[in-house]
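Here is the structure we will look at, set down as structure tokens.
Protein chains: 2
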Amino acid sequence: MGTLEAATIFVIGLGICNRICYINFMQSCRFAFAVHVMAVLALEKAHCCSSSRLAQTVNTNPVVIRRLLIELQEAGLISTLRGPRGGALLKRKPGKVTLREIHEAVDQGNTFGTHPNEPSQGCPVGKKIARVMERIQDRTNRALERELARMTLADVLRELQSE
Amino acid sequence: MGTLEAATIFVIGLGICNRICYINFMQSCRFAFAVHVMAVLALEKAHCCSSSRLAQTVNTNPVVIRRLLIELQEAGLISTLRGPRGGALLKRKPGKVTLREIHEAVDQGNTFGTHPNEPSQGCPVGKKIARVMERIQDRTNRALERELARMTLADVLRELQSE
DNA sequence: ATAAACGTAACCATTTTTGTTACAAATCAA
DNA sequence: TTGATTTGTAACAAAAATGGTTACGTTTAT
Chain A
902 MGTLEAATIF VIGLGICNRI CYINFMQSCR FAFAVHVMAV LALEKAHCCS SSRLAQTVNT
962 NPVVIRRLLI ELQEAGLIST LRGPRGGALL KRKPGKVTLR EIHEAVDQGN TFGTHPNEPS
1022 QGCPVGKKIA RVMERIQDRT NRALERELAR MTLADVLREL QSE
Chain B
902 MGTLEAATIF VIGLGICNRI CYINFMQSCR FAFAVHVMAV LALEKAHCCS SSRLAQTVNT
962 NPVVIRRLLI ELQEAGLIST LRGPRGGALL KRKPGKVTLR EIHEAVDQGN TFGTHPNEPS
1022 QGCPVGKKIA RVMERIQDRT NRALERELAR MTLADVLREL QSE
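What follows is the structure in structure tokens.
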């Protein structure tokens, strides 16, 4: 009896433990996927690259890639072709694509979340905190964008080849 | 024998979980909650503020606040007192607390997530993309921290009063 | 005509996150 | 010392977010 309980707890403990190992990787990986995809397309140059091939190198499902491709397309970074020999193509030279553009294409870009429920309007802080946080958010979002704008896809390719 | 080992692993698992679970995650409102709480404590000055009162103005549960208070405490930003008339107290003047410190206390601060599954090691991009993304991550994280370090709790109070 | 590829909807499983209840430990005051 | 108050913490509920999967219609090159 005592042994059974111990075993049960152990399983729960392991479950939590597994989550810990994943926690560091479990934010949205859309930006990482997008940079990866754009880098592959840049190396392919004029050749179309299908969602299946992209999915293989990223190690995910083709539909996940296709969803990403739609957003990169809407941002004007790539174009896609249907039919046999179809796939995705870079629209600009790698030196003309900033990581900021890739980020904006696939990620909403807020650096932190805000109050899910309206704070107490009776408290002087609660009444006005939302507007203050909004201003902080604007500043941090812009800082992130500035830094991403300083890097291009060409820099990524250079680093990929230099190691 | 097997049971003993199981119990040991369980304890380790839980210990790790409690630390990481409370310190991680990105699109959460923990930073907004923490700034809110710190602003209320700053206005209260020498008066202890209980988790219940803080929970009311933030509009959440006292336990959510207490979990936050533990991290702010570990970061050296506040101290707490148990018992009647207990609660939380700011340890420094608002002008000496940067938003970067609050952010670091409560949020791990990764600006984006990375590949959840290992990319194909057969592809020149898949093989090296992780290290490249790591460097990009470092740069964007630092950019975020720099911007947050330029704002203090005193600035937040000023904005709260100026509107 | 056929096969290959995208576009898209629907759904599942897992993870993440806040919120909630409950209770032990600490502490103050009468 | 006793009782009330508050933190600290475990456990779990509920919902949201996310990636992954299957399926199928549409487009297009050969």
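So the protein lines, in turn, are chains A and B.
Everything in the first sequence is counted per this note's numbering, starting at 902 for the first residue and increasing by one.
Everything in the second sequence is counted per this note's numbering, starting at 902 for the first residue and increasing by one.
Idealized CB from N, CA, C, for every residue including glycine.
Source: prediction; values computed, not measured.
N-terminal and C-terminal residue of the beta strand (DSSP E) that Leu947(B) is part of:
Correcting the residue identity first, residue 947(B) is Ala in this sequence and not Leu. Unbroken run through Ala947(B): none, as it is neither H nor E.
For the beta strand (DSSP E) that contains Leu990(A), what are its first and last residues?
988-991
Anticipated Cβ contact below 8 Å, Leu991(A) with Arg931(A), distance rounded
Not really, about 18 Å apart at Cβ, beyond 8 Å.
Mapping the DSSP letters down to three states, classify Thr1053(B) as helix, strand or coil.
strand
For Tyr923(A), the three-state DSSP class (helix, strand or coil)
Bear in mind that the predicted position of Tyr923(A) carries a pLDDT of just 27, short of 50, making it unreliable; the figure below should be weighed with that in mind. Reduced to three states, the DSSP call for Tyr923(A) is helix.
Output yes if chain A places a C-beta closer than 8 Å to the C-beta of Asn1018(B); else output no.
yes
Sort Cys1024(B), Phe934(B), Glu1048(B), Arg1036(B) by Cα distance to Arg1040(A) and report the nearest one.
Glu1048(B)
Near Ile979(B), which residues of its chain fall below 8 Å by C-beta distance, leaving aside the five closest residues on each side in sequence?
Met939, Leu942, Leu970, Leu973, Ala989, Leu990, Leu991, Lys992
Can you tell me the Cβ-Cβ gap for Asn1018(B) and Asn960(A), rounded? I've got them flagged as a contact below 8 Å.
5 Å
If we count the other Cβ atoms within 10 Å of its Cβ and call it buried at 16 or more, is Pro1020(B) buried or exposed?
buried
Can we count Pro995(A) as close to the ligand FAD, meaning its CB is less than 7 Å from some heavy atom?
For the structure depicted, the ligand FAD is absent and the ligand set is empty, with no information on it obtainable.
If I measure Cβ to Cβ from His1004(A) and keep anything under 7 Å in the same chain, skipping five residues before and after, which residues do I get?
Phe932, Gly1010, Leu1049
Contacting residues, own chain, Cβ-Cβ under 7 Å from Arg1001(A) (five flanking each side not counted)
Glu1046, Leu1049, Ala1050
If you reduce the DSSP assignment to three classes, tell me which class Ser1063(B) lands in.
helix
Please classify Leu985(A) as buried or exposed, where buried requires at least 16 other C-beta atoms within 10 Å of its C-beta.
The identity of residue 985(A) in the sequence shown is Pro, whereas the question assumes Leu. Burial call: exposed.
May I have the straight-line CA-CA distance separating Gly1014(B) from Val1033(B), to the nearest angstrom?
13 Å
Return no unless some Cβ of chain B is closer than 8 Å to the Cβ of Phe926(A).
Low local confidence applies: a pLDDT of 35 at Phe926(A) is under 50, so the model's placement there is unreliable, with the coordinate-based value given in what follows. Phe926(A) counts as touching chain B.
Cβ pair Leu1061(A), Lys1029(B) closer than 8 Å
yes
For chain B, find out if any of its Cβ atoms is closer than 8 Å to the Cβ of Lys997(A); answer yes or no.
no
Measuring straight from C-alpha to C-alpha, what distance separates Ala1031(A) and Ala1044(A)?
20 Å
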